[in-house]
């Protein structure tokens, strides 16, 4: 019929071929139906004159063609998704003379899974259609004459997981076509070694977005540092290496394997990447040494690292000199000549080959562990011979003798010394003018006591006027004293060496008999009462002064707080990071840099635009460990991709609100670049609602909407437009708190409210300047690219519809063009099933064509608060009930929130200790608690981060739960008909 030339091709390493007709020797002999007049097997020559087998059919003159061609049974070899590459040529129907309308330019591809090769005939009903295949280029009769080949290549994929193998079938419906080659293959992640862990050949998952987790095994002579894991992507590429292995001690990593350290080298610490040469005075005699042995005469202490040189004990101290002062000795010496190669030298002072030292002997500053080369020894006996030894030691002295010479000694004799202080003074007879004293001999007389000296003086005169009495005995009678007077007495002894120190003062009175000092008993009682009354009066005055002072401080503090609020009535204004010349400056100004070692990645939870999204744990120094979400930037990124990736962190870092996703920090100083945010356990709001369809009450759903509105009011107050507000960009935590996230499309609202913005990232609708999520975008933003808080209000109305319909797709399966046309013609989404009329009315208010007629987020928040306060008169009305007043007007009815106070709410969440703090700052009602931010709490003294998070996360849910209980307990008579 015609000839086609094929070109050889080298296949990627991550593709495993199951069938390639170009490599099959001989005829293919595939099953054809009908057996005559349908597909025909033909041999043609490629450009190297090698015959290849093709199948051709060209029944274009006959109507109603259905020609089937089926391959042999193909074992899938564990593949879960197979790919079919078809190379074919196709004749242009217009180039065939006399052909009626039955000519086609397409054919169909089918498959059928089977456990064995038992199909002898084609049963068309068994096959499932993969796709209709059309040619990109067709040829004509002129092309055949000129030998111009137009070869089409099409690839289709399909999931095959239920049987051991499968068949492929080709159906011709009336085309002039030739199948030049058919190749069937599947993708694998090839064998690789990463972080010293081997990951085997792994088939990709069944779905195009699936990730297959693979656990690696450590290479020889290595062990796990952290469980090695990687993920096999659908495209056959390995993703997100986690953990890894380290070489055993004595081995180092070279070319992805662990090889033994050579002789003379060692590796003793797992954190060292390579073997190191044996430190001085050590050696290794065989390969694979973890620790080098010390040379003879050298040692290593238990606390010495293996990388430290082996050392020796020190030599003896030098130049020991002594200075005797009566019964005290000062010893001084110089450091040893040889320190042994260490700096941890210390000294010990002792007494050897001499009279033993008594326990009263004192060493200052201490006897052993001396760092200085000086020690003072006191409390020695007078006229006594002593020999003192100073021993030098270091970290390897224990258990290693270096022979004589480690110590140095000195022998000396103490001098005559004064006696020690006198003790045990007692008073005998006491008269009005005298007292008798007696005492014991000093504990250490240090010679013959020649005499004692008694010093005495009146207590009130201190020592400014004293008298001395001397005696040779251990007693004295003091006379000539004043009557009824208290005296202090001190005694000291004297030897040939001089006087010792005085004893401590002892107090005695010249008259110990009790005598009336203030008159009769009545006068004494009166004086006692007077003194007691005076004390009480003094205490009362002091208390009044302290209370008045505290109240004054409190009033001043409250006044200062009110003045501060008056001087700072507004909130911060958002700063666009794209206005910075250096993008890194914006990141470091608004986001905290985190050390990558504080982050522990646990698993992959998704793939974003810039790279993988993982969950893990963050443990900063001095703080508790928290769960976080980790966005990483894929490898081989451009500068613009890095700037766009980090711009979201620069944006999030400026926000502090319980309904805005919290940025923990960024990693920019190492790879991969990462953004760390708080972890939201329940994921995106749309998927969460679809998973729990019908599980929530209306008031719980309104609570979610209130949280979103609160976050958007905060953004609007900061002059910030989100531009991509949708349920998919709202995250939900374990407490059902909804937080606005995904600031990829967002830009700052400038002073000009008419300013239009150009999108930067992919959305869902092509238009000049970017793509827009049509189903959530206001008409003026679509038509004129004008993004304002009012356009965010339109998007919020769509989010309300998503929440009340439990995550249903807005406008269902309508195309984007149909949605735009319907909105221009006045169409609006109908109320979801069981949606209260008031909520749908609020949606319609958000969808006003004139953007100035839409409510602000402050108004929306007030409306939702009114609905929550009056659930029985508003939220129970559905589409079948009578209309309700406009939400822009005050809603009547009982204020049920007043049933609970702020104090009750704080007690319910375990934060009652902050009742007075919040009340003093003006937060006296549950409504006011809902407006709190981290910054507010820090300014009024609630500085514990975990307590701030507890208050922000729990207050809203507690109040909503309370409102729900009130609604359920209302009698039916109070529910409007």
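In this note's numbering, the protein residues as written are 754 to 1730. Yeah, the Cβ is synthetic: ideal placement off N, Cα and C, and Gly gets one too.
Where the alpha helix (DSSP H) through residue i begins and ends
i	result
residue 835	Unbroken run through residue 835 is the beta strand (DSSP E), 834–843; no alpha helix (DSSP H).
residue 1590	1590–1599
residue 1228	Per DSSP, residue 1228 belongs to no alpha helix (DSSP H); it is in the beta strand (DSSP E), 1228–1231.
residue 1613	1610–1622
residue 1336	1336–1343
residue 1173	Where residue 1173 is concerned, there is no enclosing alpha helix (DSSP H), given that its DSSP letter is neither H nor E.
residue 1693	1687–1693
residue 1393	1392–1405
Nearest-angstrom beta carbon gap, residue j and residue i [assumed within contact, 8 angstroms]
i	j	result
residue 927	residue 809	That pair is no contact at about 14 angstroms.
residue 1412	residue 1539	Not really, about 26 angstroms apart at Cβ, beyond 8 angstroms.
residue 913	residue 839	About 17 angstroms separates the two Cβ atoms, so there is no contact after all.
residue 1340	residue 1419	6 angstroms
residue 1130	residue 1084	7 angstroms
residue 1205	residue 1219	The Cβ separation is near 16 angstroms, so there is no contact.
residue 1244	residue 1207	5 angstroms
residue 1173	residue 1181	That belief does not hold up - the Cβ atoms of residue 1173 and residue 1181 are roughly 24 angstroms apart, past 8 angstroms.
residue 1576	residue 1532	6 angstroms
Opening and closing residue of the beta strand (DSSP E) in which residue i lies
i	result
residue 1240	1239–1248
residue 1115	1115–1117
residue 1180	1179–1183
residue 1571	Careful: residue 1571 lies outside any beta strand (DSSP E), inside the alpha helix (DSSP H) at 1569–1577.
residue 770	768–773
residue 1417	1416–1420
residue 938	929–942
residue 1607	Segment: none, residue 1607 is in no beta strand (DSSP E) and carries neither H nor E.
residue 1668	Here residue 1668 belongs to no beta strand (DSSP E); instead the alpha helix (DSSP H) covers 1668–1673.
residue 1220	1220–1224
residue 1489	Taken as a continuous stretch (DSSP letters only), residue 1489 belongs to no beta strand (DSSP E), as it is neither H nor E.
Same chain, Cβ closer than 6 angstroms to residue i, five either side skipped, listed in chain order
i	result
residue 1564	1528 and 1572
residue 1609	none
residue 1426	1386
residue 1704	1664
residue 1642	Annotation note: pLDDT 35 at residue 1642 (below 50); position unreliable, no value reported.
residue 875	784, 786, 821 and 823
residue 1117	1129
Proximity of residue i and residue j at Cβ, strictly below 9 angstroms
i	j	result
residue 1246	residue 1194	yes
residue 1428	residue 1483	no
residue 1169	residue 1199	yes
residue 908	residue 770	no
residue 1016	residue 949	no
residue 1145	residue 1121	no
residue 1035	residue 1063	yes
residue 957	residue 965	yes
residue 1018	residue 1082	no
residue 1224	residue 1239	no
residue 843	residue 891	yes
residue 1258	residue 1241	yes
residue 1494	residue 1379	no
residue 1166	residue 1126	no
residue 837	residue 763	no
residue 1496	residue 1433	no
residue 1171	residue 1248	yes
residue 1556	residue 1479	no
Same chain, Cβ closer than 7 angstroms to residue i, neighbours up to 5 away in sequence not counted
i	result
residue 1708	1658, 1662, 1682 and 1683
beta-carbon residue i near the ligand PLP non-hydrogen atom, thresh 8 angstroms
i	result
residue 872	As for the ligand PLP, it is missing from this structure, which has no ligand bound.
Own chain partners of residue i with C-beta closer than 8 angstroms, once the 5 adjacent residues on each side are dropped
i	result
residue 1373	1347 and 1351
residue 766	943
Within-9 angstroms CB hit, residue i to chain B
i	result
residue 1027	The structure shown has no chain B; it contains just one protein chain.
My parser needs the beta strand (DSSP E) runs of 3 or more residues fully inside the segment 1433–1461; what are they?
none
Taking the runs of the alpha helix (DSSP H) that are 4 residues or longer, which of them lie wholly in the segment 852–926?
894–899
Ranges of the alpha helix (DSSP H) found wholly within the segment 1533–1563, counting only runs of at least 4:
Entirely contained in the segment 1533–1563, the alpha helix (DSSP H) runs reaching 4 residues are, in chain order, 1542–1557.
Those runs of the beta strand (DSSP E) which lie wholly inside the segment 1027–1115 and span at least 3 residues:
You should have 1071–1078, 1081–1087 and 1099–1104.
Just to confirm the assignment: which complete alpha helix (DSSP H) runs, minimum length 4, are found wholly within the segment 1351–1382?
none
Scan the segment 942–1010 and note each continuous alpha helix (DSSP H) run of 4 residues or more that stays entirely inside, going in chain order.
none
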